[in-house]
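Respectively, the protein sequence lines represent chains A and B.
Counting with this note's numbering, you get residues 13 to 139 for the letters of the first sequence.
Counting with this note's numbering, you get residues 57 to 198 for the letters of the second sequence.
Even glycine gets a Cβ: it sits at the ideal position worked out from N, Cα and C.
Since the model is a prediction, treat every value here as computed from it, not as a measurement.
For reference, the structure discussed in these notes is given below.
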Amino acid sequence: MTLAEVKETLQAELLTQDSDLSLEVHSACASDMMSDVLAFTRPECLIITGLANQQTLRTVEIADALAVLFVRGKRPDQDMIAVANAKKIPLLATNFCMYDACGLLFNKGLCGVTEQVRKILGKDGCR
Amino acid sequence: MAADNTFIQEYSIKGWDFTRAGEASCEIKNILKQIGVSQDVIRRVAIASYEAEMNVVMYARQGTMRCEIDTTKIKITIEDEGPGIADIDQAMQEGFSTATPEMREMGFGAGMGLPNIKRNSDGCEVTSVVGKGTKVAMSFNL
Numbered sequence: 013m014t015l016a017e018v019k020e021t022l023q024a025e026l027l028t029q030d031s032d033l034s035l036e037v038h039s040a041c042a043s044d045m046m047s048d049v050l051a052f053t054r055p056e057c058l059i060i061t062g063l064a065n066q067q068t069l070r071t072v073e074i075a076d077a078l079a080v081l082f083v084r085g086k087r088p089d090q091d092m093i094a095v096a097n098a099k100k101i102p103l104l105a106t107n108f109c110m111y112d113a114c115g116l117l118f119n120k121g122l123c124g125v126t127e128q129v130r131k132i133l134g135k136d137g138c139r
Numbered sequence: 057m058a059a060d061n062t063f064i065q066e067y068s069i070k071g072w073d074f075t076r077a078g079e080a081s082c083e084i085k086n087i088l089k090q091i092g093v094s095q096d097v098i099r100r101v102a103i104a105s106y107e108a109e110m111n112v113v114m115y116a117r118q119g120t121m122r123c124e125i126d127t128t129k130i131k132i133t134i135e136d137e138g139p140g141i142a143d144i145d146q147a148m149q150e151g152f153s154t155a156t157p158e159m160r161e162m163g164f165g166a167g168m169g170l171p172n173i174k175r176n177s178d179g180c181e182v183t184s185v186v187g188k189g190t191k192v193a194m195s196f197n198l
């Protein structure tokens with residue numbers, strides 16, 4: 013799924029400048045706990061979180077994630093957006109709550125990182 | 057590089073400095089990229105060292121992170137001056153956490169710190185003296 017599709021699906025706002033929305037995410041990991049993200053995420057995934065601080069960006073860097081989607085109307089401050097611009101990390105924000113945001117993306121074929129779920133749904137369920 | 061072809065770099069970590077938290081791990085990650093280490097190993101080193109670095113930032117007054125790279129392995133050693141860990145076996149269990157509400161607000165306290173270090177490294181030893189500090193020594197095979 014491209015970041016443009018994520019943005020459209022969740023009526024999200026792009027917070028960063030000149031971000032390439034044609035980039036594709038192949039999995040997503042949703043948590044407000046960054047250690048959980050570090051434990052379960054895959055490279056080039058979308059991090060879905062309500063945690064809007066510098067540690068979220070560090071986690072992107074450390075875990076080779078592709079982009080961040082903030083949920084529940086959470087917005088990072090301008091300093092954080094400036095850091096994301098400098099590091100070329102796309103930041104999106106939606107007012108949807110985490111569960112609904114995940115549900116809508118899942119419905120469109122963006123799966124998480126649980127291997128069993130990918131096996132159950134197969135290639136048609138997880139794009 | 058030292059005479060025996062071991063690259064050594066040391067970083068200092070300051071307690072409760074959330075602005076710089078993670079910088080040392082990111083620098084190590086960049087070094088590993090530059091010398092052509094495989095992406096999988098880089099990612100594992102980065103995650104494990106970041107967790108250890110965050111533990112120092114959250115719990116300790118200060119600490120050091122030492123990175124040693126030779127032709128066969130990467131060793132990362134983090135030593136801190138802090139409260140120490142009374143029961144290391146308990147701290148290694150997934151989900152066990154002593155994080156404060158402030159730490160949870162920063163996105164930590166899932167009880168995955170030490171377990172993440174263990175699961176991402178090829179060798180991991182944690183030693184601690186209550187009231188003095190903790191040492192986490194981890195290694196990664198190249």
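Beta-carbon spacing of residue i, residue j below 8 Å
| i | j | result |
| --- | --- | --- |
| residue 104 (chain A) | residue 26 (chain A) | yes |
| residue 121 (chain A) | residue 137 (chain A) | yes |
| residue 180 (chain B) | residue 194 (chain B) | yes |
| residue 64 (chain B) | residue 108 (chain B) | no |
| residue 47 (chain A) | residue 74 (chain B) | no |
| residue 22 (chain A) | residue 113 (chain A) | yes |
| residue 71 (chain B) | residue 97 (chain B) | no |
| residue 57 (chain A) | residue 77 (chain A) | yes |
Test: residue i CB closer than 8 Å to a CB of chain A
| i | result |
| --- | --- |
| residue 71 (chain B) | no |
| residue 169 (chain B) | yes |
| residue 197 (chain B) | no |
| residue 172 (chain B) | yes |
| residue 151 (chain B) | no |
| residue 80 (chain B) | no |
| residue 77 (chain B) | yes |
| residue 162 (chain B) | yes |
| residue 63 (chain B) | no |
Bridge-paired residues (DSSP) for residue i
| i | result |
| --- | --- |
| residue 107 (chain A) | In DSSP, residue 107 (chain A) forms no bridge with anything. |
| residue 121 (chain B) | B:67, B:134 |
| residue 80 (chain A) | A:59, A:103 |
| residue 194 (chain B) | B:132, B:180 |
| residue 36 (chain A) | A:14 |
| residue 25 (chain A) | A:105 |
| residue 42 (chain A) | A:60 |
Buried versus exposed, by CB contacts within 10 Å (16 or more), residue i
| i | result |
| --- | --- |
| residue 98 (chain A) | exposed |
| residue 115 (chain B) | buried |
| residue 19 (chain A) | buried |
| residue 63 (chain A) | buried |
| residue 158 (chain B) | exposed |
| residue 81 (chain A) | buried |
| residue 176 (chain B) | buried |
Proximity test, Cβ basis, 8 Å: residue i and chain B
| i | result |
| --- | --- |
| residue 65 (chain A) | yes |
| residue 92 (chain A) | no |
If the cut-off is 7 Å on Cβ atoms, which residues from the segment 93-122 of chain B count as contacting chain A, listed in chain order? 99, 102, 103, 106, 107
Would you list, in chain order, the members of the segment 67-98 of chain A that have their beta-carbon closer than 8 Å to a beta-carbon of chain B? 67, 68, 70, 71, 73, 74, 75, 76
Quick one: which residues of the segment 102-121 of chain A get their C-beta closer than 9 Å to a C-beta of chain B? List them in chain order. none
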